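In the UniProt record's numbering, the protein residues as written are 1 to 314. Take a look at the structure below.
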(Lines of atoms letter the chains of each structure in order from A and count residues from 1; the text may use other names and numbers.)
(Lines give C-alpha, C1' and ligand atoms only; values in the text may rest on other atoms or scores of the structure.)
Protein backbone atom coordinates (compact mmCIF):
# COMPACT_ATOMS: atom_id res chain seq x y z
CA UNK A 1 0.00 0.00 0.00
CA UNK A 2 3.06 2.33 0.11
CA UNK A 3 2.76 2.72 -3.64
CA UNK A 4 -0.94 3.48 -3.18
CA UNK A 5 -0.24 6.31 -0.68
CA UNK A 6 2.60 7.61 -2.80
CA UNK A 7 0.30 7.65 -5.80
CA UNK A 8 -2.30 9.74 -3.99
CA UNK A 9 0.35 12.15 -2.71
CA UNK A 10 1.89 12.55 -6.15
CA UNK A 11 -1.49 13.16 -7.72
CA UNK A 12 -2.42 15.80 -5.14
CA UNK A 13 0.93 17.56 -5.24
CA UNK A 14 0.95 17.66 -9.02
CA UNK A 15 -2.42 19.36 -9.04
CA UNK A 16 -1.52 22.11 -6.54
CA UNK A 17 -1.33 25.67 -7.93
CA UNK A 18 2.12 26.42 -9.26
CA UNK A 19 2.86 22.89 -10.40
CA UNK A 20 3.08 21.93 -14.05
CA UNK A 21 0.45 19.63 -15.52
CA UNK A 22 1.43 15.99 -14.98
CA UNK A 23 2.72 13.86 -17.79
CA UNK A 24 0.20 11.23 -16.66
CA UNK A 25 -2.08 10.16 -13.84
CA UNK A 26 -0.49 8.24 -10.99
CA UNK A 27 -2.07 5.02 -9.80
CA UNK A 28 -1.58 1.32 -9.15
CA UNK A 29 -2.86 -2.04 -10.36
CA UNK A 30 -5.72 -3.78 -8.58
CA UNK A 31 -7.95 -6.84 -9.08
CA UNK A 32 -11.61 -7.61 -8.34
CA UNK A 33 -11.30 -10.61 -6.05
CA UNK A 34 -13.86 -13.37 -5.74
CA UNK A 35 -14.46 -14.53 -2.17
CA UNK A 36 -15.54 -18.14 -1.59
CA UNK A 37 -17.72 -18.64 1.49
CA UNK A 38 -20.00 -21.44 2.76
CA UNK A 39 -23.78 -21.09 2.83
CA UNK A 40 -23.94 -22.63 6.32
CA UNK A 41 -21.30 -22.70 9.03
CA UNK A 42 -19.24 -25.69 10.06
CA UNK A 43 -15.79 -27.10 10.71
CA UNK A 44 -13.34 -26.80 7.82
CA UNK A 45 -12.47 -30.41 6.98
CA UNK A 46 -10.95 -30.17 3.50
CA UNK A 47 -8.65 -27.57 1.92
CA UNK A 48 -6.96 -28.97 -1.20
CA UNK A 49 -5.70 -25.60 -2.50
CA UNK A 50 -2.81 -23.34 -1.51
CA UNK A 51 -2.06 -19.65 -1.90
CA UNK A 52 -0.58 -18.97 -5.33
CA UNK A 53 -2.10 -22.09 -6.85
CA UNK A 54 -4.34 -21.96 -9.90
CA UNK A 55 -7.90 -23.27 -10.11
CA UNK A 56 -10.35 -23.86 -12.94
CA UNK A 57 -14.12 -23.42 -12.80
CA UNK A 58 -15.60 -26.30 -10.82
CA UNK A 59 -12.43 -27.27 -8.94
CA UNK A 60 -12.98 -28.08 -5.25
CA UNK A 61 -11.85 -25.18 -3.07
CA UNK A 62 -12.75 -26.49 0.38
CA UNK A 63 -15.18 -28.68 2.27
CA UNK A 64 -16.93 -28.52 5.63
CA UNK A 65 -17.90 -31.34 8.00
CA UNK A 66 -20.91 -33.17 6.53
CA UNK A 67 -21.91 -36.00 8.89
CA UNK A 68 -25.03 -34.18 10.13
CA UNK A 69 -26.17 -33.27 6.62
CA UNK A 70 -25.59 -36.84 5.39
CA UNK A 71 -27.78 -38.16 8.23
CA UNK A 72 -30.49 -35.67 7.30
CA UNK A 73 -30.43 -36.91 3.70
CA UNK A 74 -30.80 -40.53 4.84
CA UNK A 75 -33.74 -39.64 7.09
CA UNK A 76 -35.45 -37.60 4.37
CA UNK A 77 -35.09 -40.38 1.80
CA UNK A 78 -36.56 -42.86 4.29
CA UNK A 79 -39.59 -40.58 4.71
CA UNK A 80 -40.05 -40.60 0.94
CA UNK A 81 -40.14 -44.41 0.93
CA UNK A 82 -42.68 -44.44 3.78
CA UNK A 83 -44.90 -41.83 2.11
CA UNK A 84 -44.84 -43.75 -1.17
CA UNK A 85 -45.84 -46.97 0.61
CA UNK A 86 -48.76 -45.22 2.33
CA UNK A 87 -50.02 -43.85 -0.97
CA UNK A 88 -49.70 -47.21 -2.73
CA UNK A 89 -51.70 -48.87 0.04
CA UNK A 90 -54.53 -46.37 -0.32
CA UNK A 91 -54.65 -46.83 -4.09
CA UNK A 92 -54.60 -50.65 -4.17
CA UNK A 93 -55.69 -51.90 -0.74
CA UNK A 94 -59.36 -53.10 -0.28
CA UNK A 95 -60.54 -51.42 -3.47
CA UNK A 96 -61.84 -54.52 -5.29
CA UNK A 97 -64.02 -55.78 -2.38
CA UNK A 98 -65.73 -52.38 -2.20
CA UNK A 99 -66.49 -52.50 -5.92
CA UNK A 100 -67.92 -56.02 -5.59
CA UNK A 101 -70.35 -54.85 -2.90
CA UNK A 102 -71.61 -52.07 -5.19
CA UNK A 103 -71.95 -54.48 -8.09
CA UNK A 104 -74.00 -56.89 -5.96
CA UNK A 105 -76.29 -54.05 -4.93
CA UNK A 106 -76.61 -53.08 -8.60
CA UNK A 107 -77.61 -56.63 -9.54
CA UNK A 108 -80.39 -56.60 -6.93
CA UNK A 109 -81.52 -53.16 -8.11
CA UNK A 110 -81.72 -54.40 -11.70
CA UNK A 111 -83.89 -57.31 -10.52
CA UNK A 112 -86.14 -54.87 -8.67
CA UNK A 113 -86.34 -52.78 -11.83
CA UNK A 114 -87.43 -55.77 -13.92
CA UNK A 115 -90.08 -56.63 -11.33
CA UNK A 116 -91.34 -53.03 -11.25
CA UNK A 117 -91.57 -52.93 -15.02
CA UNK A 118 -93.51 -56.23 -15.12
CA UNK A 119 -95.86 -55.10 -12.36
CA UNK A 120 -96.61 -51.84 -14.17
CA UNK A 121 -97.40 -53.67 -17.42
CA UNK A 122 -99.87 -55.96 -15.60
CA UNK A 123 -101.50 -53.03 -13.81
CA UNK A 124 -101.87 -51.14 -17.09
CA UNK A 125 -103.80 -54.10 -18.57
CA UNK A 126 -105.99 -54.36 -15.48
CA UNK A 127 -106.63 -50.63 -15.53
CA UNK A 128 -107.63 -50.83 -19.19
CA UNK A 129 -110.10 -53.63 -18.29
CA UNK A 130 -111.51 -51.64 -15.41
CA UNK A 131 -110.29 -53.98 -12.63
CA UNK A 132 -107.48 -51.72 -11.34
CA UNK A 133 -107.78 -48.23 -9.97
CA UNK A 134 -105.93 -45.18 -11.21
CA UNK A 135 -104.20 -44.91 -7.83
CA UNK A 136 -102.74 -48.41 -8.28
CA UNK A 137 -101.52 -47.47 -11.76
CA UNK A 138 -99.82 -44.29 -10.53
CA UNK A 139 -98.24 -46.16 -7.61
CA UNK A 140 -96.71 -48.75 -9.95
CA UNK A 141 -95.46 -46.01 -12.26
CA UNK A 142 -93.73 -44.31 -9.32
CA UNK A 143 -92.17 -47.62 -8.24
CA UNK A 144 -90.75 -48.13 -11.74
CA UNK A 145 -89.29 -44.62 -11.82
CA UNK A 146 -87.68 -45.17 -8.40
CA UNK A 147 -86.20 -48.49 -9.50
CA UNK A 148 -84.77 -46.92 -12.66
CA UNK A 149 -83.19 -44.11 -10.63
CA UNK A 150 -81.68 -46.62 -8.20
CA UNK A 151 -80.11 -48.61 -11.03
CA UNK A 152 -78.70 -45.46 -12.65
CA UNK A 153 -77.22 -44.32 -9.34
CA UNK A 154 -75.54 -47.67 -8.66
CA UNK A 155 -74.11 -47.83 -12.19
CA UNK A 156 -72.56 -44.41 -11.63
CA UNK A 157 -71.12 -45.59 -8.31
CA UNK A 158 -69.49 -48.57 -10.01
CA UNK A 159 -67.93 -46.30 -12.63
CA UNK A 160 -66.56 -43.97 -9.97
CA UNK A 161 -65.27 -46.86 -7.86
CA UNK A 162 -63.39 -48.30 -10.82
CA UNK A 163 -61.53 -45.01 -11.32
CA UNK A 164 -58.26 -44.38 -9.43
CA UNK A 165 -59.16 -43.40 -5.88
CA UNK A 166 -59.37 -39.64 -5.19
CA UNK A 167 -60.68 -39.65 -1.66
CA UNK A 168 -59.44 -37.29 1.02
CA UNK A 169 -57.00 -39.82 2.45
CA UNK A 170 -55.32 -40.31 -0.90
CA UNK A 171 -55.10 -36.58 -1.54
CA UNK A 172 -53.44 -36.15 1.85
CA UNK A 173 -51.06 -39.04 1.12
CA UNK A 174 -50.09 -37.52 -2.21
CA UNK A 175 -49.39 -34.19 -0.50
CA UNK A 176 -47.26 -35.93 2.12
CA UNK A 177 -45.27 -37.69 -0.60
CA UNK A 178 -44.70 -34.41 -2.45
CA UNK A 179 -43.51 -32.74 0.75
CA UNK A 180 -41.21 -35.67 1.57
CA UNK A 181 -39.64 -35.53 -1.89
CA UNK A 182 -39.07 -31.77 -1.52
CA UNK A 183 -37.51 -32.27 1.92
CA UNK A 184 -35.18 -34.92 0.53
CA UNK A 185 -34.12 -32.64 -2.31
CA UNK A 186 -33.45 -29.81 0.15
CA UNK A 187 -31.39 -32.14 2.33
CA UNK A 188 -29.30 -33.22 -0.67
CA UNK A 189 -28.71 -29.55 -1.60
CA UNK A 190 -27.55 -28.82 1.96
CA UNK A 191 -25.18 -31.77 1.75
CA UNK A 192 -23.80 -30.61 -1.61
CA UNK A 193 -23.29 -27.11 -0.19
CA UNK A 194 -20.74 -28.52 2.25
CA UNK A 195 -18.32 -28.73 -0.69
CA UNK A 196 -17.54 -25.38 -2.32
CA UNK A 197 -16.15 -25.23 -5.86
CA UNK A 198 -14.49 -22.44 -7.83
CA UNK A 199 -16.98 -20.15 -9.62
CA UNK A 200 -14.19 -18.64 -11.73
CA UNK A 201 -10.76 -19.62 -13.01
CA UNK A 202 -7.83 -17.82 -11.43
CA UNK A 203 -5.17 -17.81 -8.72
CA UNK A 204 -5.74 -18.43 -5.01
CA UNK A 205 -4.74 -15.09 -3.50
CA UNK A 206 -5.38 -15.51 0.24
CA UNK A 207 -6.60 -18.26 2.57
CA UNK A 208 -8.23 -17.11 5.80
CA UNK A 209 -8.91 -20.40 7.67
CA UNK A 210 -7.07 -23.62 8.49
CA UNK A 211 -8.43 -27.18 8.50
CA UNK A 212 -10.16 -27.83 11.81
CA UNK A 213 -11.24 -24.24 12.38
CA UNK A 214 -14.89 -23.24 12.66
CA UNK A 215 -16.13 -21.21 9.68
CA UNK A 216 -19.27 -19.09 10.20
CA UNK A 217 -21.94 -18.97 7.50
CA UNK A 218 -21.05 -16.47 4.80
CA UNK A 219 -17.49 -15.94 6.04
CA UNK A 220 -14.94 -16.17 3.17
CA UNK A 221 -12.51 -19.06 3.48
CA UNK A 222 -10.32 -17.83 0.62
CA UNK A 223 -10.13 -15.29 -2.19
CA UNK A 224 -9.50 -15.86 -5.90
CA UNK A 225 -7.89 -13.40 -8.30
CA UNK A 226 -9.73 -14.11 -11.58
CA UNK A 227 -7.66 -14.61 -14.72
CA UNK A 228 -7.29 -11.44 -16.77
CA UNK A 229 -9.22 -9.24 -14.34
CA UNK A 230 -6.54 -6.61 -13.64
CA UNK A 231 -7.37 -2.92 -13.61
CA UNK A 232 -5.51 0.33 -13.08
CA UNK A 233 -6.76 2.63 -10.33
CA UNK A 234 -5.59 6.21 -10.78
CA UNK A 235 -6.44 9.73 -9.70
CA UNK A 236 -7.36 12.73 -11.82
CA UNK A 237 -8.07 16.35 -11.08
CA UNK A 238 -11.48 17.94 -11.43
CA UNK A 239 -10.65 19.50 -14.80
CA UNK A 240 -9.17 16.28 -16.20
CA UNK A 241 -12.14 14.23 -15.02
CA UNK A 242 -14.43 16.04 -17.44
CA UNK A 243 -12.23 14.81 -20.31
CA UNK A 244 -12.72 11.14 -19.38
CA UNK A 245 -15.63 8.84 -20.15
CA UNK A 246 -16.66 5.25 -19.49
CA UNK A 247 -15.23 2.98 -22.18
CA UNK A 248 -12.54 5.48 -23.18
CA UNK A 249 -9.15 3.93 -24.05
CA UNK A 250 -6.04 5.03 -22.11
CA UNK A 251 -2.38 4.02 -22.09
CA UNK A 252 -0.90 2.37 -18.98
CA UNK A 253 2.85 2.43 -18.27
CA UNK A 254 4.93 0.87 -15.50
CA UNK A 255 8.43 -0.51 -14.91
CA UNK A 256 8.76 -3.74 -16.86
CA UNK A 257 5.42 -3.35 -18.65
CA UNK A 258 4.88 -3.61 -22.38
CA UNK A 259 5.42 -0.31 -24.16
CA UNK A 260 1.95 -0.05 -25.67
CA UNK A 261 -0.28 -1.46 -22.92
CA UNK A 262 -3.84 -0.10 -23.05
CA UNK A 263 -6.93 -0.18 -20.87
CA UNK A 264 -10.52 1.03 -20.98
CA UNK A 265 -12.08 3.20 -18.31
CA UNK A 266 -14.71 1.27 -16.36
CA UNK A 267 -15.39 3.61 -13.45
CA UNK A 268 -15.30 7.33 -12.69
CA UNK A 269 -15.92 8.39 -9.10
CA UNK A 270 -18.54 11.06 -8.50
CA UNK A 271 -16.94 12.19 -5.22
CA UNK A 272 -13.35 13.31 -4.49
CA UNK A 273 -11.05 10.67 -3.01
CA UNK A 274 -8.50 12.88 -1.21
CA UNK A 275 -7.63 12.73 2.48
CA UNK A 276 -7.67 14.75 4.63
CA UNK A 277 -10.87 16.53 3.49
CA UNK A 278 -10.31 19.59 1.33
CA UNK A 279 -12.21 22.86 1.47
CA UNK A 280 -14.73 23.27 -1.33
CA UNK A 281 -13.92 26.79 -2.47
CA UNK A 282 -12.92 28.41 -5.74
CA UNK A 283 -9.28 28.64 -4.62
CA UNK A 284 -9.12 24.97 -3.65
CA UNK A 285 -11.05 23.37 -6.53
CA UNK A 286 -7.85 22.40 -8.37
CA UNK A 287 -6.84 20.19 -5.41
CA UNK A 288 -9.80 17.82 -5.75
CA UNK A 289 -8.72 14.38 -6.95
CA UNK A 290 -11.15 11.75 -8.25
CA UNK A 291 -10.69 8.00 -8.45
CA UNK A 292 -10.89 6.34 -11.87
CA UNK A 293 -10.53 2.69 -12.89
CA UNK A 294 -9.55 1.19 -16.24
CA UNK A 295 -9.56 -2.53 -17.07
CA UNK A 296 -6.40 -3.66 -18.86
CA UNK A 297 -6.93 -5.13 -22.31
CA UNK A 298 -4.05 -7.64 -21.97
CA UNK A 299 -2.71 -7.75 -18.39
CA UNK A 300 -0.34 -10.65 -19.03
CA UNK A 301 1.61 -11.42 -15.86
CA UNK A 302 1.03 -8.11 -14.11
CA UNK A 303 0.08 -8.27 -10.44
CA UNK A 304 -1.98 -6.07 -8.11
CA UNK A 305 0.00 -3.41 -6.27
CA UNK A 306 2.31 -2.39 -9.10
CA UNK A 307 2.51 1.42 -9.50
CA UNK A 308 1.47 2.72 -12.91
CA UNK A 309 1.14 5.93 -14.86
CA UNK A 310 -1.97 6.42 -16.99
CA UNK A 311 -2.04 8.79 -19.95
CA UNK A 312 -4.72 9.74 -22.45
CA UNK A 313 -4.42 8.43 -25.97
CA UNK A 314 -4.10 11.11 -28.68
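Ideal Cβ placement from N, Cα and C applies to all residues, glycine included. As the structure is a computational prediction, the values presented were derived from the model and not from experiment.
Query: Any chance the stretch 138 to 158 sits against the stretch 47 to 63, with 3 or more Cβ pairs inside 8 angstroms?; Result: no
Query: Taking the alpha carbon of residue 221 as the point to measure from, which residue in 233, 43, 70 and 257 has its own alpha carbon closest?; Result: 43
Query: Which residues share a DSSP beta bridge with residue 214?; Result: 43
Query: Does the separation of the CB atoms of residue 191 and residue 79 fall below 8 angstroms?; Result: no
Query: Have a look at residue 144 and residue 118 and give me their C-alpha separation to the nearest angstrom.; Result: 9 angstroms
Query: Is the stretch 230 to 248 close to the stretch 25 to 39, with three or more CB pairs under 8 angstroms?; Result: yes
Query: Let me confirm a value: residue 216 is counted as buried when at least 16 other C-beta atoms fall within 10 Å, else exposed. Which label applies?; Result: exposed
Query: How should residue 69 be labelled, buried or exposed, when 16 other C-beta atoms within 10 angstroms of its C-beta is the threshold for buried?; Result: buried
Query: Assign residue 214 to buried or exposed, taking buried as 16 or more other Cβ atoms, counted over all protein chains shown, within 10 Å of its Cβ.; Result: exposed
Query: Cutting at 6 angstroms between CB atoms, please list the residues of its own chain near residue 157, excluding the five before and the five after it.; Result: 102
Query: For residue 155, list the residues DSSP reports as bridge partners.; Result: Per DSSP, none; premise fails for residue 155.
Query: List the residues that DSSP assigns as beta-bridge partners of residue 249.; Result: 264
Query: Indicate the three-state DSSP secondary structure (helix, strand or coil) for residue 230 in the structure shown.; Result: strand
Query: So which of 256, 303, 240 and 267 has the shortest CA-CA distance to residue 247?; Result: 267
Query: Between 312, 175, 73 and 259, which lies nearest to residue 325 when the distance is taken from Cα to Cα?; Result: The shown model of the chain, from 1 to 314, leaves out residue 325, and the question about it has no answer.
Query: Between residue 314 and the rest of its own chain, which residues show a CB-CB distance below 7 angstroms, the 5 nearest in sequence each way excluded?; Result: none
Query: Smallest Cα separation from residue 288: which of 181, 240 and 116?; Result: 240
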